[in-house]
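Numbering (UniProt numbering), first residue to last: 1 to 794.
All residues carry an ideal CB built from backbone N, CA and C; glycine is no exception.
Since the structure is predicted, the reported quantities are computational estimates derived from the model, not experimental observations.
Working notes for the structure below.
Quick look at the structure:
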């Protein structure tokens, strides 16, 4: 028999465990909603409710549907859509409502890390998202979301559409609040200016009292509606004992409003209604512009998810929602459609626009067995595919998750700024109290408004925004270059690199074969004819060498009855006579074999038993390799070529590139040993693409994996070059220096503003509404300065 919920009386499901200690005993609850409400009742000091109640609570009246439905997030089938699973841990990205500053992020991280089963938590105040990694054997996702909501932050699994709706809802609410504050402040200022100028000095005191009542009438909606977000944030901070910039703001507004009411009722003393309304208006306006700027700075990664269509067509033509697709489903993708899921082509030859992943506008040829990615654009031919990954494991979700992780992981300078801003809030309260005491004895009639100005003017919003806005803008800009960041320290470390270590194959070279030279041995044929005949045969093969002949295809020279002799080559019929392409032992007659010097990197073409052409091939050096190496060399950075290839090939590439130190024919263990043998003052940057590079990539101070490399290499790196353009490493380094410069500018701007405004406010030269305007402008200036990074071209 099921136990009854202690709060509402309903049955407690067998697979749930929500416990609250009430009246000295652990009590079972049926859902996280009842648990949250019971906990709130206890924290409010109302435990006697349970002692003296005569019936259980009405669940539907007390528990919102959104809270009751949290338990559904524990269903594994539902989690497959948004939870990423690795080893024994689960990872989820949550959308948050109510996050306004760095103190909110600090409060959430501090509180959540105390919960059982939480391995890691990080909050991005710019994108309003949180990343949680937890052990599902120790806690449930619904319980974690409940904990967030108990702090006052509404949380739900991140979905682009829901995030868009939340953003537009928040924007609309801010506009309403700004509108109320703006209209009210204009009316109050009309009366205040008249009173300041003593236009009505010849009127009776009763009329002056009447105008104060009018001001109170207009200021009250501002206090009770427009300024409400400041009180909410301040109350969260007070409950969690985590000082935030909304505490001095709320204190200043409430004290000014209460003091003005007292003066109005007593008909004596100063009123500050105009300061309250103007302060709320300017601060709301500043935060609205912050929200818009943050949105633009962080929109790129989220916009990637918009490229995934809502519906997909199964092979039989049935339309199904993309979120319902399962691994193994077979789909038909029509020309011009976005590919709905990661999968493998099972029929068709197509061209796919993968610019959203790589930044390259040239379509990529794909055929049966090739992998396609969700959100990329199909060309002019339809094809069939089989889903190989669910939504949470797709490449596009992986990219968004890694970008979020990079933005959420704070550089050391950002952590220092957060700590300073928290102590700055405490210092502001102390300085405000000291200011009031001084002016109370010196000029008591001005003490109050001068204290208000100090509390408002020195709010460290700009200081807290200085680093995260720059990092977010820079990360967004890098993605336009086809560079994916996986770690937040990249910008810091790139500026300090003094030793550049490179792999050869697939990194400095393209990792593919091309025909470097064609030698014709029979004057009846031209090089072009021999190449075209070889291309006609190679289209029936799928080995790496076959792709080297693709560009030589010519419909005039078609070989028939082509047969692939595995391990030897290809044979067929051309104009009624046999033709062969492959190794010397396969393609050549005994006489030709004896007379021809054997080359290791060569294919032979014979026609009617006679050698007619030799094709020499090589792995070409990337076009931008030399420019990248030269730029690093000019910067005084030590260069090392670290390769598992033989010394002859490695030295050839090093000589061509101008690399002095070459370490060749080494195993992955030897590569890692070399890295560990370097001096302590070496800050290493490693570029690689293979499984053998993974240990070195993981061990370097900063690592870059080629987008065309192995998954193991990419998982071990700090950055991924999705388009394999090495020149973009130079752009990343240049952007890193630019980002560091912007961060320093932001910090100096915010510190300069506070150092300038603080003494002026203490001396009484800054009215409260000017202080609020200055604080808002300083935050917007910092964000605008950071957004310059969005225009970086390199």
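Looking from the CA of residue 134, the closest CA among 309, 87, 607 and 156 belongs to 87.
For residue 282, DSSP records no beta bridge to any residue. For residue 633, the enclosing alpha helix (DSSP H) has its first and last residue at 625–634. Of the other Cβ atoms in all chains shown, 16 or more fall within 10 Å of the Cβ of residue 246; this residue is therefore buried. The alpha carbon of residue 186 has as its nearest neighbour, out of 279, 94 and 96, the alpha carbon of 279. Only exposed fits residue 268, as fewer than 16 other CB atoms lie within 10 angstroms of its CB. Residue 227 and residue 640 have their alpha carbons spaced roughly 59 angstroms apart. By the CB criterion at 8 angstroms, residue 718 and residue 487 fall inside the cutoff.
Boundaries of the alpha helix (DSSP H) around residue 149: 141–150. About 7 angstroms separates the beta carbon of residue 346 from that of residue 368, a gap short enough to meet the 8 angstroms contact definition.
Scanning its chain for C-beta atoms nearer than 7 angstroms, with the 5 sequence neighbours on each side dropped, one finds around residue 478 the residues 485, 732 and 735, in chain order. Contact holds between the stretch 611–621 and the stretch 517–524, because three or more Cβ pairs, one in each stretch, are under 8 angstroms apart. Residue 605 and residue 530 do touch by the CB rule: their CB atoms are close to 6 angstroms apart, below 8 angstroms.
With a threshold of 16 other beta carbon atoms within 10 Å, residue 511 meets it and is buried. Counting only the Cα atoms, residue 481 lies some 10 angstroms from residue 792. Residue 657 and residue 597 have their alpha carbons spaced roughly 30 angstroms apart. When DSSP states are grouped into helix, strand and coil, residue 571 belongs to the strand group.
When C-beta atoms of the stretch 737–748 are compared with those of the stretch 216–224, fewer than three pairs fall below 8 angstroms, so the two segments do not count as touching.
Taken through DSSP and simplified to helix, strand or coil, residue 665 comes out as coil. Under DSSP, residue 602 takes part in a beta bridge, and its partners are 616. Counting the other Cβ atoms within 10 Å of the Cβ of residue 213 gives fewer than 16, which makes it exposed. Taking the C-beta atoms as reference points, residue 730 is found no nearer than 8 angstroms to residue 704. Here the alpha carbon of residue 423 sits roughly 41 angstroms from the alpha carbon of residue 695.
Under the 10 Å beta carbon count, residue 759 is surrounded by fewer than 16 other beta carbons and is classified as exposed. Closest by C-alpha distance to residue 95, out of 154, 115, 150 and 595, is 154. Across the set 669, 633, 684 and 683, the C-alpha of 633 shows the shortest separation from the C-alpha of residue 659. In this structure residue 453 touches residue 761 by the C-beta definition: roughly 4 angstroms separates them, less than 8 angstroms.
A check of alpha carbon separations from residue 17 across 3, 500 and 630 identifies 3 as the nearest.
Contact annotation: residue 621 and residue 508 have beta-carbon atoms nearer than 8 angstroms. Using a Cβ distance threshold of 8 angstroms, residue 536 and residue 513 do not count as a contacting pair. If you look at residue 208, you'll find it in the alpha helix (DSSP H) that goes 205–221. Shown here, residue 169 sits in a helix according to DSSP, grouped into three states. The beta-bridge partner set that DSSP reports for residue 347 consists of 384.
DSSP places residue 580 in the uninterrupted beta strand (DSSP E) bounded by 577–582. Here the alpha carbon of residue 342 sits roughly 9 angstroms from the alpha carbon of residue 393. Within the same chain, 211, 214 and 215 come within 7 angstroms of residue 191 by CB-CB distance, once the 5 residues on both sides are set aside.
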